[in-house]
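Heads up, the thing below is written out as structure tokens.
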Amino acid sequence: MRIFREVCFVHCLFDIQQEERPMKQNQHHRNICIVFVLYSYSLLSCSAIAQTVPVKDNELQDLVRAASASEREVWWPAVRRLGTLASCDVTMRDEIWRRTQVNTLGMKFVRVEPGTFTMGPDRHRLFDFHKAHKVRITKPFFMGLTEVTNAQFAILFPNHRADAKYSPDADSPAVRISWKQAAEFCKLLSKREGAMYRLPTEAEWEYACRGGRKTQYSFGMFARKMPKYGWCMGDHTKAAPVALLQPNDWGIYDMHGNVFEWVSDYYSDEYYDVCAAKGTVDDPEGPEDSGWSHVLRSCGWQVDNAPACRCTARFPLPTFNKNPFTPGPGMRETIGFRVVREMSDSDSR
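As structure tokens, then:
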């Protein structure tokens, strides 16, 4: 619209002088001015156009290093989804730092802000046998962008060997992991990093999986988009490298499929009903020690059932003291985990 007004203005200028100049010369000058206006407009608009250009990985890394050279390197691949050229915007640069972090193992995290959501299904369904209830997350936390990979797990557990058949790559998720192994990994990581790492609670996991949405999946109501977001419901024969597909709206990858993921909560059939009776529950951590099983979230690469891949799907798995990992045949190759880093005083920026 602005271009149209400027072009009309040029025409008016020459129409006033039309009787004083030859028609041919006047038309020639008019065309030159039109081109000049269009060119000037493009120059003036270049910054606005640039702000819609996605950020390249190396550009963003250099930007964040320059923003805080004394701090650890930080990284948030999902910033590209914001549609803003961060190098042109100081506010965006600060926002990237505030929301992201990477530790010495190369594990990437995104800051998840507090909020309220409905946990559980909107009605009883297959794999969703429990009542929906309101949950309030009162504190921000850093959620792992991906599952823990073979390479990362082997740093703290040197004897770990990638499953050559079902998860062979260094950047594929570590599988055949027991709940106790996952918890021990978090303890060792906390000691190494000087920060508190742990398994996510079941509420934190679902809150992060939804990415602010109220739909069955993090990408919408229907499973037809699953091939773009989740490594499941297909002819898959092994786990995929992490972050191979698209993330959810908060930049978190593989929340549908690839591997089942341990959370910290014990499993109880009645727990959701108890929460629903209380109304809104703040930062739930699951039932008290039930002694026999913990909760698995997400689903494995071999799952071909859409309901089992929803944000709300949950599964119990026994955890025994003497033999902490005894899943059925075909299950152990599809179990991994991701971790949460708790906020510290230095993160309050």
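In my numbering, the protein residues as written are -5 to 343. Using N, Cα and C, we set each Cβ at its ideal position, and we do this for glycine too. If you're wondering where the values come from, they're calculated on a predicted model, not measured in any experiment.
Asked: Three-pair Cβ contact test at 8 Å for the segment 242 to 254 versus the segment 215 to 232; Found: yes
Asked: Meets three-Cβ-pair contact criterion under 8 Å: the segment 204 to 211 and the segment 141 to 157; Found: no
Asked: Residues near Y191 in its chain [Cβ-Cβ closer than 6 Å; skip 5 each side]; Found: C180, L183, S184, V333, R335
Asked: Rounded separation between G273 and Y261 - CA only; Found: 20 Å
Asked: Whether T347 touches A126 by CB criterion (7 Å); Found: No answer is possible for residue 347: the residues shown for the chain start at -5 and end at 343.
Asked: Pair within 7 Å by beta-carbon distance, Y160 and K232; Found: yes
Asked: Which listed residue (R186, W286, E200) has its alpha carbon closest to that of P115; Found: E200
Asked: Cβ neighbours of Q358 in the same chain (closer than 7 Å, five flanking residues each side left out); Found: Residue 358 is absent from the model: the chain starts at -5 and stops at 343.
Asked: Inter-residue Cα distance where the pair is M227 and I246; Found: 20 Å
Asked: Where W256 falls, given that 16 or more other Cβ within 10 Å makes a residue buried; Found: buried
Asked: Limits of the unbroken beta strand (DSSP E) element including L311; Found: 309 to 312
Asked: Residue range of the unbroken beta strand (DSSP E) whose run includes W244; Found: Where W244 is concerned, there is no enclosing beta strand (DSSP E), given that its DSSP letter is neither H nor E.
Asked: Assumed close pair G294, P167 - CB separation to whole angstroms, cut-off 8 Å; Found: About 10 Å; that fails the 8 Å criterion.
Asked: Beta-carbon spacing of S287, F254 below 7 Å; Found: no
Asked: F348 and V104 closer than 7 Å at C-beta; Found: Because residue 348 is not part of the residues shown, which for the chain are -5 to 343, the question remains open.
Asked: C-beta contact flag for D259 and E196 at 7 Å; Found: yes
Asked: Nearest neighbour of T328, chosen from D157, F147, G188 [CA to CA]; Found: D157
Asked: Cβ-Cβ distance between I131 and P108 below 7 Å; Found: yes
Asked: F271 versus D263: straight-line alpha-carbon distance, rounded; Found: In the sequence as displayed, the identity of residue 271 is Ala instead of Phe. Taking the straight line joining both Cα atoms gives about 14 Å.
Asked: Alpha-carbon spacing of D341 relative to V129, whole angstroms; Found: 24 Å
Asked: Separation of M337 from P278, as counted between CA atoms; Found: 17 Å
Asked: According to DSSP, residues forming a beta bridge with H288; Found: Y260, L311
Asked: Spatial distance of G346 from D163 (CA atoms); Found: Nothing about residue 346 can be read from this structure; the chain reaches only from -5 to 343.
Asked: Y265 versus R308: straight-line alpha-carbon distance, rounded; Found: 13 Å
Asked: Assigned secondary structure, W225 (DSSP; H/G/I helix, E/B strand, else coil); Found: strand
Asked: Assigned secondary structure, F147 (DSSP; H/G/I helix, E/B strand, else coil); Found: helix
Asked: Per DSSP, the bridge partner or partners of F111; Found: V129
Asked: C-alpha distance - D267 paired with R170, whole-angstrom precision; Found: 32 Å
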